[in-house]
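In order, the protein sequence lines correspond to chains A and B. Using my numbering, the letters of the first sequence map in sequence onto residues 105 to 451. Using my numbering, the letters of the second sequence map in sequence onto residues 105 to 451. Each residue gets a CB set at the ideal place from its N, CA and C atoms; glycine is no exception. Bear in mind that the values here come from a model prediction, so they are computed numbers and not experimental data.
2 protein chains.
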Amino acid sequence: MAVKKNLTIYDIAQEAGVSPATVSRVLTGSARVSKAKKERIEALIKRYDFKPNALARGLSETKSNIIGMIVADIRNPFYATVFLECEKVASRYGYTLMVCNTLGEPELEDIYLEKMYEQRVDAIINVGGRVDDLVSNIDFVDHVNRIANVIPVIITGKLDGSDCYRVNIDQMQAMEIVMEYIISLGHKDIALIGGRDNVQSTVDKRSRYKQLLKRYGINVRNEFIVEGKRYDDESGYECMQKLFALEKLPTAIIAINDFTAVGAMRALTERGISVPEDVSIVSFDNTFIAEVTSPKLTSVSYSYENFGEKIVHAALGAIRGEEVPRIQLIQSELVIRGSCAKLNIEE
Amino acid sequence: MAVKKNLTIYDIAQEAGVSPATVSRVLTGSARVSKAKKERIEALIKRYDFKPNALARGLSETKSNIIGMIVADIRNPFYATVFLECEKVASRYGYTLMVCNTLGEPELEDIYLEKMYEQRVDAIINVGGRVDDLVSNIDFVDHVNRIANVIPVIITGKLDGSDCYRVNIDQMQAMEIVMEYIISLGHKDIALIGGRDNVQSTVDKRSRYKQLLKRYGINVRNEFIVEGKRYDDESGYECMQKLFALEKLPTAIIAINDFTAVGAMRALTERGISVPEDVSIVSFDNTFIAEVTSPKLTSVSYSYENFGEKIVHAALGAIRGEEVPRIQLIQSELVIRGSCAKLNIEE
DNA sequence: CTTTCTCAAGAAATCGGTTTCAAGCATATT
DNA sequence: AATATGCTTGAAACCGATTTCTTGAGAAAG
């Protein structure tokens with residue numbers, strides 16, 4: 105019953121009394137095979153639970169049916185969700201994903217890029233390596249381009265001068281819906297905490313934040329823009345300490361992501377400041393983190409499904425040699441939960 | 105500068121004026137090559153940034169250097185962390201991981217198992233598919249065994265009757281340190297919330313929980329053992345509703361995992377019951393979720409590093425045909441944060 | 001009844017590596 | 001000087017599929 109030996113199409117062919125080529129034809133459906141032989145072969149395939157060796161097939165077709173994915177840290181629910189959505193789409197088309205975590209280390213990212221090329225993956229999706237880094241050096245762009253020359257590379261960042269396909273979140277639009285919501289609640293003292301200067305998405309958000317304040321006739325106060333060291337809850341906590349040092353606290357806080365918001369909330373709770381009664385807080389990414397705080401977090405949601413869909417379709421299109429748009433933007437919407445409130449009139 | 109064509113060892117060989125065999129020898133280091141030729145070949149490899157085709161190599165060596173990993177849902181930080189740790193170890197040995205999410209769907213798990221076999225992965229790590237399911241049917245065990253006959257399969261569950269290598273968390277010991285801690289704080293009314301009847305790890309925890317209560321001369325109260333529908337925060341929230349229905353609330357709550365604990369905490373906060381002053385709460389897994397609650401959660405930590413290490417080493421050992429222990433247990437330790445307090449004497 | 005067309009199916013080349021086998025050359029041994 | 005020993009190296013087989021090319025049988029056409 106149990107099959108020990110690794111069967112090949114030669115074994116199947118022999119037992120069916122046909123040539124390996126005929127077995128291959130049945131397997132791929134690439135050409136007609138007489139009904140009798142086809143049935144005989146299919147029966148054997150089923151009986152022995154035969155699966156063609158993907159390495160051999162890949163070598164022959166110069167195609168691995170694997171898509172490589174590089175993320176910063178899969179423990180971060182943002183990346184995990186993007187990955188999951190990509191997997192859903194990819195597997196629908198017969199592709200499997202190979203994942204690597206850079207953990208923010210540039211050397212690892214280089215190594216994994218090489219490894220994926222070596223594995224002859226059919227496409228590489230780079231989410232959150234250095235693809236959104238404003239100071240990423242030319243060497244990296246060169247490296248990526250050398251690979252993008254041979255294998256389609258899809259990135260979710262900017263990476264000036266690269267030959268990659270881009271699927272980006274429209275940070276401007278995302279910030280817009282946040283600001284409009286907060287301002288509609290009557291807030292004027294609005295802080296923007298977290299995020300780093302050299303990250304494109306953060307820079308984009310800050311820039312729109314300032315623009316929108318101006319549009320609504322609100323003064324931009326630089327002390328309300330607090331940079332965070334990382335994108336975790338500790339950073340959020342630290343950012344809040346800087347705000348506490350000011351003589352007057354903002355009435356609303358926009359956090360660069362859910363983690364930062366969580367850290368900020370903890371800092372507030374510790375001081376006995378309650379959310380949303382005293383301070384409103386809103387964030388980006390809408391990961392499940394936003395569900396587990398109390399109150400639950402109002403957060404901007406990118407349609408992850410759509411994100412994964414666009415990314416993988418770009419990859420598949422490029423693999424097939426079709427014309428694929430070089431840049432695609434993902435729109436967001438606000439998921440309103442319990443962390444924001446109308447500003448009290450007492451100011 | 106940029107290399108468009110896919111180079112092969114034949115190209116390198118030709119340009120170096122040697123045979124492909126010699127290039128291969130340099131590549132694998134499998135045999136001595138004269139210094140002059142070796143240097144010439146290496147120079148060319150570097151110049152053209154040549155990387156041997158892993159598919160061809162894999163076909164020839166009947167070895168893909170890929171390890172397949174099946175998880176339930178990578179968004180769950182428990183799986184994400186296990187995956188990350190496995191990746192760290194695997195990549196140290198030249199392996200890459202291919203990940204698939206079953207999302208709790210048995211059919212997907214079967215499909216992915218097949219796919220991995222087809223890809224000729226060198227080993228399969230199954231974390232949290234049906235491997236810990238007590239009612240998993242015989243078909244599944246058969247399926248796994250058919251594959252385990254050819255490719256080493258490492259599971260983190262029990263799966264009676266399977267030929268897999270097992271690396272398990274010692275649930276008994278984990279529960280022990282939790283109970284000892286809680287009891288040392290003076291608690292006697294201790295609830296155990298969340299988890300499902302058909303999951304081995306949950307059953308193990310419950311069984312030890314009862315044993316330990318008895319050992320400490322505390323009555324087992326069945327209404328304090330609350331089953332959860334899933335392993336998420338909603339389930340934790342729901343479990344708490346059942347406890348609220350009792351006439352007397354327990355003074356300590358053990359949650360089956362961090363998510364469940366978070367849901368429970370939200371339920372408590374809503375009722376104005378404060379943690380840890382009124383109720384202590386402790387959980388399992390020590391994911392980063394435990395860091396983002398206020399107060400931060402006291403949680404049992406499996407050494408994920410050790411876990412990944414043991415899993416991957418089992419895989420590598422089995423691949424090499426070495427003798428590998430069929431079962432290995434992972435010990436836990438308690439990470440004490442702010443969610444538990446000494447029982448007030450007023451009871 | 002012969003010629004042409006169609007189509008199933010086998011032989012063999014190919015994908016790009018690794019490895020066995022044997023040859024060839026230089027050095028060591030007696 | 002003759003034989004034994006040790007290395008480097010190339011030729012060729014092999015891993016397991018796909019695919020092109022070719023053959024041959026049977027059907028259609030004349």
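Option in the options with minimal Cα separation from residue i
i: Asn157 (chain A); options: A:Thr402, A:Thr132, A:Ala176 and A:Met173; result: A:Thr132
i: Asn323 (chain B); options: B:Ile294, B:Lys139, B:Gly421 and B:Gly265; result: B:Ile294
i: Thr364 (chain A); options: A:Thr397, A:Thr355 and A:Ala422; result: A:Thr397
i: Phe483 (chain A); options: A:Ala227, A:Tyr183 and A:Glu213; result: Any question about residue 483 (chain A) goes unanswered here, given that chain A covers just 105 to 451.
i: Leu502 (chain B); options: B:Asn390, B:Arg224, B:Leu207 and B:Lys309; result: Since the first residue shown for chain B is 105 and the last is 451, residue 502 (chain B) is missing from the structure and cannot be characterised.
i: Thr373 (chain B); options: B:Leu350, B:Ala252 and B:Gln345; result: B:Gln345
i: Gln435 (chain B); options: B:Pro210, B:Ile171, B:Asp337 and B:Glu409; result: B:Glu409
i: Asp389 (chain B); options: B:Asp336, B:Arg136, B:Arg312 and B:Val137; result: B:Asp336
i: Ile357 (chain A); options: A:Asp243, A:Asn205 and A:Ser403; result: A:Ser403
i: Val282 (chain B); options: B:Arg312, B:Ile170, B:Arg300 and B:Gly261; result: B:Arg312
i: Arg370 (chain A); options: B:Thr355, B:Glu395, B:Glu189 and B:Leu420; result: B:Glu395
i: Val235 (chain A); options: A:Val137, A:Gln304 and A:Ile170; result: A:Gln304
i: Asn241 (chain A); options: A:Gly265, A:Gly232, A:Asp301 and A:Ala227; result: A:Gly265
i: Pro210 (chain B); options: B:Ile228, B:Lys192 and B:Gly232; result: B:Gly232
i: Ala194 (chain A); options: A:Pro181, A:Gly172 and A:Glu213; result: A:Gly172
Min CB distance residue i to chain A below 9 Å
i: Met369 (chain B); result: yes
i: Glu395 (chain B); result: yes
i: Ser387 (chain B); result: no
i: Thr166 (chain B); result: yes
i: Ala106 (chain B); result: Confidence is the limiting factor: at Ala106 (chain B) the pLDDT is only 42, short of 50, which leaves the residue's position unreliable, though a coordinate-based value still follows. Taking Cβ atoms only, chain A reaches closer than 9 Å to Ala106 (chain B), which makes this a yes.
i: Arg312 (chain B); result: no
i: Ile170 (chain B); result: yes
i: Asn205 (chain B); result: yes
i: Thr373 (chain B); result: yes
i: Asn110 (chain B); result: yes
i: Gln432 (chain B); result: no
i: Glu451 (chain B); result: Low confidence applies to Glu451 (chain B): its pLDDT is 45, below 50, so where it sits in the model is not reliable, and the reading given next is rough at best. No, Glu451 (chain B) lies away from the interface with chain A (no Cβ there is under 9 Å from its Cβ).
i: Val439 (chain B); result: no
i: Lys219 (chain B); result: yes
Sheet register partners of residue i (DSSP bridge)
i: Tyr183 (chain A); result: DSSP output for Tyr183 (chain A) lists no bridge partner at all.
i: Arg270 (chain A); result: A:Ile259 and A:Ile431
i: Asp293 (chain A); result: Answer by DSSP bridge pairing: none, since Asp293 (chain A) is not bridged.
i: Ile329 (chain A); result: A:Leu296
i: Asn205 (chain B); result: B:Val175
i: Ala227 (chain A); result: A:Ile171
i: Ser405 (chain B); result: B:Glu437
i: Asp237 (chain B); result: B:Val303
i: Phe388 (chain A); result: A:Val404
i: Thr397 (chain A); result: DSSP, once it has assigned bridges, lists no residue as partnering Thr397 (chain A).
i: Ala356 (chain B); result: B:Ile294 and B:Ser384
i: Thr200 (chain A); result: A:Ile170
Exposed unless 16 or more other CB atoms sit within 10 angstroms - verdict on residue i
i: Asn361 (chain B); result: buried
i: Val239 (chain A); result: exposed
i: Ser384 (chain A); result: buried
i: Tyr197 (chain B); result: exposed
i: Ile431 (chain B); result: exposed
i: Phe348 (chain B); result: exposed
i: Tyr517 (chain B); result: Limits of chain B in this structure are 105 at one end and 451 at the other, which puts residue 517 (chain B) out of reach.
i: Pro429 (chain B); result: exposed
i: Lys262 (chain A); result: buried
i: Arg136 (chain A); result: exposed
i: Thr166 (chain B); result: exposed
is_contact[residue i, chain B] using C-beta, thresh 9 Å
i: Met202 (chain A); result: yes
i: Leu58 (chain A); result: A question about residue 58 (chain A) goes unanswered here, because the residues of chain A that appear run from 105 up to 451.
i: Ala158 (chain A); result: yes
i: Phe348 (chain A); result: no
i: Tyr320 (chain A); result: no
i: Glu213 (chain A); result: no
i: Phe411 (chain A); result: no
i: Asp237 (chain A); result: no
i: Ile178 (chain A); result: yes
*Say whether the stretch 286 to 303 of chain A touches the stretch 271 to 278 of chain A, bearing in mind that this needs 3 or more beta-carbon pairs closer than 8 Å, one atom from each stretch.*
Contact annotation: the stretch 286 to 303 of chain A does not touch the stretch 271 to 278 of chain A, with fewer than three C-beta pairs closer than 8 Å.
_For the structure I just gave you, are there three or more beta carbon pairs, one from the stretch 193 to 204 of chain A and one from the stretch 216 to 230 of chain A, closer than 8 Å?_
Contact between the stretch 193 to 204 of chain A and the stretch 216 to 230 of chain A is present, because at least three Cβ pairs lie under 8 Å.
*Are there three or more Cβ pairs, one per stretch, closer than 8 Å when the stretch 139 to 149 of chain B is compared with the stretch 116 to 130 of chain B?*
Inter-segment contact for the stretch 139 to 149 of chain B and the stretch 116 to 130 of chain B is present: three or more beta-carbon pairs are separated by less than 8 Å.
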